[in-house]
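Chemist: I have a structure here, written as structure tokens, and I will follow up with some questions on it.
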Amino acid sequence: MNYFSLWLIFLRNSWKRVLVYRVNFLILIIGNLFWFIFSILFFQILFAQIPAIGGWTLNEVIFLLCVNQIVIGFYDTFIKANLERLPSRIREGSLDFDLVKPVDPIFWLTFQRVQISSMFSLALPAFILVRLLLTHSIVIPNSTAIFLFFLMLFGAVVLRFVVGVLIASLAMRFISVQSLFSLQSEFFQYSGYPTSIYSKGAKLFFTFGIPVIMLANFPAQALLGNKFEPIELSLYPVYIIFGLILAVKVFSHSLRKYSSLGG
Amino acid sequence: MSAYLIIIRNAVAESASYRLNQIVSFLTISLPLVFAVFLWKTVFNQVDEITNFDLPSTLTYYLLVVLLQDILYSGVKWEIVDDIHSGGLTKWLTKPISYLWMQVSVRIGTNIPYFLVAFILGSVFVFLNLNRLVWTTEPIRWLMFLAAIIMAFFLAFFLSFGFSLVAFWTQDTSGIEFAISIFLPLLSGQILPITFFPKEFQAILVYLPWRYTLDFPIQVYLGTLSSVQIGTGFTVEFLWLVALYFIAKTLWKNGLNIYQAVGG
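Protein chains in written order, with numbering that gives the first Met the number 0: chain A, 0 to 262; chain X, 0 to 263.
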């Protein structure tokens, strides 16, 4: 059985879980959407007072918020629940059963569950984004911009995966890392703020130190046709690829060092 | 020593043993402050003030939100829900103390070490933004702020206590918890000062209790409200305080009538 077929089984099982907890499923969708709607409301209230924030118009900021919500949605759908379950699996000792399966442990531990409610929550930002494009509120300069947009959107999800896996690796050593997961989620909520609000030093820090800007601003800037700094474009692929290799290595190393805890 | 003082002392000791958790938790809730500095600096570069708020008052507003939001939390308290569902409440019913005031004492005790952590970490922000914050020197404003905070503490507690007591009637309080977690930041002014909202929203929000758990005390400190608004605010806050106290007492009495002490 190849990995894609295995993932389809994971998807089917996740769907069955949705059918058992239908009310919870609806609650989660509404919850995810409310935060997104509040963010839009927040900026609409601000834009009632000023015409632009650091050169970004209201439509552009809404577009940025949609891109951010899509990145959050993809991460929450395919990766988040799996990584955040890891500490409790270590505590209970059930991780041991995962590790004896004849499948790559990283694949098994990071893709076993699909959070279908988050997948449904992608619909609203995707709808608003398409509407902004169709009403020409946002203008795409050329087809390269579309290509770069999807590439950087994928890069953003990979980056969330990298950060999540690195935190999950710490769980093998420290077990209690839930607050770190919350901290990173909180950080990346602010990826929807326009990059132009930051000072030069802060911009560098929030791009390459804690990659808040890279997540939503990069894909959004690509589609809007905004210019990137040369350092940003040249370091971007290196950062993503190096991060991915590092995360996989650290996770594999932590698994090798892992000693069972539960009973 | 009074039983409640002993409860406070024990809660302080227990809470202090989770220092690392408190530091990470405070860092998590203070992140909005970091991003608020960048965002609002950009906004106030273009406009001098928004509904009586300038850059210093806005930054001070968010600093106080971060410092106070955990202490003035008005959502469901899972310890109370757990006491009701697990039968743990029984042990408190056999003691000659009030469960309500015991919970008040626990909240006071738990918040003392947390506030110290918040205060120390918050000082770093204050030091870095010394010239961008509002420092009130008027004693009367400090007194009003203190009064509003004390009232807000009890208001938030009675809201929290009342919502938690719903556990007497349902096994699953996650729906209420969820609804509160969504709307609380908006209704309390955690996301934006209430006066930033459109007039129609403001007209509703000023009569709801949540506004008095964060937005009102902070705006009293900042001096962004007129004396009429302050007077009306204190009246509404006081009326809610009295009403919520009696609602909590009634819920408690009725809840005990159906409490079956299930669990072990």
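Think of the CB as a built atom: it goes at the ideal place given N, C-alpha and C, for glycine as much as any other residue.
#1: Could you tell me if G163/A is buried or exposed, where buried requires 16 or more neighbouring beta carbons within 10 angstroms of its beta carbon?
#2: Note down the Cα distance separating L243/A from I49/A, rounded to an integer number of angstroms.
#3: Answer yes or no: does any C-beta atom of chain A fall closer than 9 Å to that of S24/X?
#4: For Y189/A and chain X, any beta-carbon pair shorter than 9 Å?
#5: Quick one: which chain X residues come within Cβ less than 7 Å of I49/A?
#6: Please confirm if L62/X has its CB atom under 9 Å from at least one CB of chain A.
#7: Determine which residues of the stretch 20-35 of chain A have a Cβ less than 7 Å from any Cβ of chain X, and write them out in chain order.
#8: Are the beta-carbon atoms of I79/X and L164/X separated by less than 9 Å?
#9: Tell me F52/X's beta-bridge partners as DSSP assigns them.
#10: Could you tell me whether any Cβ in chain A is nearer than 9 Å to the Cβ of L204/X?
#11: With DSSP as the reference, label W168/X as helix, strand or coil.
#12: Short of 7 Å in beta carbon distance, which residues of its chain neighbour F264/X, apart from the five on each side in sequence? Order them along the chain.
#13: Just verifying my parser: in three-state terms, what is the DSSP assignment at W55/A?
#14: If I'm right that A167/A touches L82/A with Cβ under 8 Å, what's the distance once you round it to whole angstroms?
#15: Residue ranges of each alpha helix (DSSP H) run of no fewer than 4 residues wholly in the stretch 150-216 of chain A, ordered along the chain?
#16: Hey, could you find the ends of the alpha helix (DSSP H) F245/X is sitting in?
#17: Any contact of the stretch 132-148 of chain X with the stretch 202-221 of chain X, i.e. 3+ C-beta pairs under 8 Å?
#18: How should P284/A be labelled, buried or exposed, when 16 other C-beta atoms within 10 angstroms of its C-beta is the threshold for buried?
#19: Could you give the first and the last residue of the continuous alpha helix (DSSP H) run that contains N225/A?
#20: Would you mind telling me which residues of chain A sit closer than 7 Å to T109/X, beta carbon to beta carbon, in chain order?
#21: On the three-state DSSP scale, how would you describe N128/X?
#22: Using a Cβ-Cβ distance cut-off of 9 Å, determine whether F162/X contacts chain A.
#23: Alpha carbon to alpha carbon, what distance is there between T249/X and W6/A?
#24: From the beta carbon of I196/A, is the nearest beta carbon of chain X less than 9 Å away?
#25: Taking T89/X as the query, report the chain A residues whose CB atoms sit under 7 Å from its CB, ordered along the chain.
#26: Taking DSSP as the reference, what is the three-state secondary structure of Q189/X?
#27: Please classify S187/X as buried or exposed, where buried requires at least 16 other C-beta atoms within 10 Å of its C-beta.
#28: Counting C-beta neighbours from all protein chains within 10 Å, is the total for Y2/A 16 or more, i.e. buried, or is it exposed?
#29: Contact between the stretch 98-115 of chain X and the stretch 192-199 of chain X: three or more CB pairs below 8 Å?
#30: Where do the ends of the alpha helix (DSSP H) carrying A202/X lie?
#31: Identify, in the order they occur along the chain, each residue of the same chain with its Cβ nearer than 7 Å to the Cβ of I239/A, setting aside the five sequence neighbours on each side.
Modeler: Short version:
#1: For the purposes of this step, residue 163/A is identified with residue 164 of the first sequence, where counting begins at 1. So G163/A counts as buried.
#2: In the first sequence, the residue the question calls residue 243/A occupies position 244. In the first sequence, the residue the question calls residue 49/A occupies position 50. Whole-angstrom Cα-Cα distance: 40 Å.
#3: As a first step, residue 24/X must be located in the second sequence, where it is residue number 25. By this cut-off, S24/X is an interface position.
#4: Position 190 of the first sequence, counted from the first residue, corresponds to residue 189/A. Taking Cβ atoms only, chain X reaches closer than 9 Å to Y189/A, which makes this a yes.
#5: Taking the first residue of the first sequence as position 1, residue 49/A is located at position 50. By Cβ distance, chain X contributes V42, Q45 and V46.
#6: Taking the second sequence and counting its residues from 1, the one referred to as residue 62/X is at position 63. Not an interface residue.
#7: The residues in question are I26, G30 and F33.
#8: By 1-based counting over the second sequence, the position of residue 79/X is 80. By 1-based counting over the second sequence, the position of residue 164/X is 165. A contact, by the Cβ cut-off of 9 Å.
#9: Taking the first residue of the second sequence as 1, we reach residue 52/X at position 53. As a beta-bridge residue in DSSP terms, F52/X pairs with I49/X.
#10: Reading the second sequence from its first residue, position 205 is the one you call residue 204/X. Under the Cβ criterion of 9 Å, L204/X is not counted among the residues facing chain A.
#11: Sequence index remark: in the second sequence, residue 168/X carries index 169 (1-based). It is coil, neither helix nor strand.
#12: Nothing can be reported for residue 264/X, as the shown portion of chain X is limited to 0 through 263.
#13: The residue you call residue 55/A lines up with position 56 of the first sequence. Reduced to three states, the DSSP call for W55/A is strand.
#14: Counted from its first residue, the first sequence places residue 167/A at position 168. Counted from its first residue, the first sequence places residue 82/A at position 83. Right, their Cβ atoms sit about 4 Å apart.
#15: Scanning the stretch 150-216 of chain A from its first residue to its last, the whole alpha helix (DSSP H) runs of 4-plus residues come out as 177-188 and 199-203.
#16: On the second sequence, position 246 is the one that residue 245/X refers to. Its alpha helix (DSSP H) spans residues S226 to I257.
#17: Touching, yes, given that three or more Cβ pairs across the two stretches are closer than 8 Å.
#18: Residue 284/A lies beyond the range of chain A shown here (0 to 262); nothing can be said about it.
#19: Start at 1 with the first residue of the first sequence, and residue 225/A comes out as number 226. Counting along the chain, N225/A falls outside any alpha helix (DSSP H), and DSSP gives it neither H nor E.
#20: Here residue 109/X corresponds to residue number 110 of the second sequence, with the count starting at 1. Chain A residues near T109/X: none, gap ~17 Å exceeds 7 Å.
#21: For the purposes of this step, residue 128/X is identified with residue 129 of the second sequence, where counting begins at 1. Here N128/X sits in coil by DSSP.
#22: Taking the first residue of the second sequence as position 1, residue 162/X is located at position 163. Taking CB atoms only, F162/X has no neighbour in chain A less than 9 Å away.
#23: Residue 6/A sits at position 7 when you count from the first residue of the first sequence. Residue 249/X sits at position 250 when you count from the first residue of the second sequence. One C-alpha to the other measures close to 52 Å.
#24: Residue numbering aside, residue 196/A sits at position 197 when the first sequence is read from its first letter. In terms of beta-carbon proximity, I196/A lines the interface with chain X, with at least one pair separated by less than 9 Å.
#25: Walking along the second sequence from the start, residue 89/X turns up at place 90. Contact note: T89/X does not reach chain A at a C-beta cutoff of 7 Å; the least C-beta distance is about 29 Å.
#26: By 1-based counting over the second sequence, the position of residue 189/X is 190. DSSP, read as helix, strand or coil, puts Q189/X in coil.
#27: Counted from its first residue, the second sequence places residue 187/X at position 188. The C-beta of S187/X has 16 or more other C-beta atoms within 10 Å across all chains shown, which makes the residue buried.
#28: Translated into the one-based positions of the first sequence, residue 2/A becomes position 3. In the assembly as shown, Y2/A is an exposed residue. Its beta-carbon has fewer than 16 other beta-carbons within 10 Å.
#29: The stretch 98-115 of chain X vs the stretch 192-199 of chain X: no contact.
#30: The sequence position of residue 202/X within the second sequence is 203, counting from 1. From DSSP, the alpha helix (DSSP H) with A202/X extends over K198 to L204.
#31: Within the first sequence, the letter at position 240 stands for residue 239/A. For I239/A, where only same-chain residues beyond five positions count, the Cβ hits under 7 Å are G154, V157 and L158.
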